[in-house]
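Under our numbering, the residue at position 48 of the sequence shown is numbered 839, and the numbers go up by one with no gaps.
Glycine residues also receive a C-beta, built at the ideal position from the N, C-alpha and C atoms.
Predicted, not measured: the structure shown is a model, and the values here were computed from it.
Below: the structure, in structure tokens.
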Amino acid sequence: MFIQLILFLFPWKIRKFFLRILLNFDLDENVKIGYSIVLAKKVILKKNAKIGHFNLVKSIDILYLDENSKIGSRNWITGFSVTHVKVRKYSHFSHIDNRQCILSIGKNTSITSRHYFDCNGGIYIGDYCTIAGFETAFMTHSIDLKNNRQDTSPIRIGNYAFVGARCTILKGAILPDYSVLGACSLLNKQYNTPGLYAGNPAKYIKSLENYKYFEREYGFVK
């Protein structure tokens, strides 16, 4: 963290150079990271990917942003890396094979502001998605009360999906391609039929055929 704080004193071109050299960030052309702290073991930003200001990324294994994707401001992205001291000390998630503490964001996808990402089981967001509004929580882990242990599983958001403000998405949940999760909804199941999902817990509401959002060739919505 100290190195990144010191680098805030320099223009982005200089910061980018030292993030590559000192911290081994994998940064393609025309990428940018604002005044954010990024403490992931592996950081990969593809062409034109951007991270805004005042985000905190800590204790995760991989942060991956594909081409033209964007993380806005004041998001909290966290977890326990597979090598984290607490994972070894307390044997958290020891029953999970090949666990990856990762946030993976597809092409032309946008995450807005003030969202929370618990990446312990892995969060995989597809291409042309929007995590809209604010204060949506992605929770990939919880206590398994029956077996009295920490448990985790991935969250998957399909291509061309839209997640409204203040949603809660729990471990193991899947939002299909070409789907919308309505604001303030709780997604706690795996679905595979495209459409509108809403409610607490979220249920399939209706089809969304012929919506232009699902035909976009560019991520940005005017």
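Count the other CB atoms, across all protein chains shown, that sit within 10 Å of the CB of residue i; report buried if there are 16 or more and exposed otherwise.
i	result
His844	exposed
Phe1028	This structure cannot speak to residue 1028, because the chain is shown only from 792 to 1013.
Gln941	buried
Asp888	exposed
Gly953	Gly is not the amino acid found at residue 953; the sequence shown has Phe there. By the 10 Å Cβ count, Phe953 comes out buried.
Can you look up residue i in the DSSP assignment and give me helix, strand or coil?
i	result
Val1012	coil
Tyr988	strand
Leu800	coil
Ile996	strand
Ile812	helix
Val878	helix
Gln891	coil
Tyr1004	helix
Lys980	coil
Lys807	helix
Phe908	strand
Phe953	strand
Phe793	helix
Lys861	strand
Phe929	strand
Excluding the five sequence neighbours on either side, which residues of its own chain have a C-beta within less than 6 Å of the C-beta of residue i, listed in chain order?
i	result
Gly973	Gly955 and Ala989
Ser895	Tyr855 and Tyr915
Glu820	Lys838
Asp817	Ile835
Lys861	Lys841 and Ser901
Ile960	Phe929, Ile946 and Leu978
Phe1005	Tyr951 and Tyr969
Give every residue of the same chain whose Cβ lies closer than 8 Å to the Cβ of residue i, excluding the five residues on either side of it in the sequence, and list them in chain order.
i	result
Asn983	Ile965 and Pro967
Asp918	Asp857, Gly897, Lys898, Asn899, Thr900, Asn950 and Tyr951
Ile794	Phe809, Leu813 and Leu814
Arg1007	Asn899, Tyr919 and Tyr951
Check: Between the region 860-874 and the region 797-817, do three or more beta carbon pairs fall short of 8 Å?
Finding: no
Notebook entry, point to check: Are the region 862-869 and the region 878-887 touching by the rule of at least three beta carbon pairs closer than 8 Å?
Noted result: no
Check: Is the number of C-beta pairs between the region 895-904 and the region 935-944 that are closer than 8 Å three or more?
Finding: no
Notebook entry, point to check: Considering only residues of the region 819-848, which uninterrupted alpha helix (DSSP H) runs meet the minimum length of 4 residues and lie entirely inside it, listed in chain order?
Noted result: none
Note to self: Under 8 Å: do the region 828-838 and the region 846-862 share three or more Cβ pairs, one atom per stretch?
What the structure shows: These segments touch.
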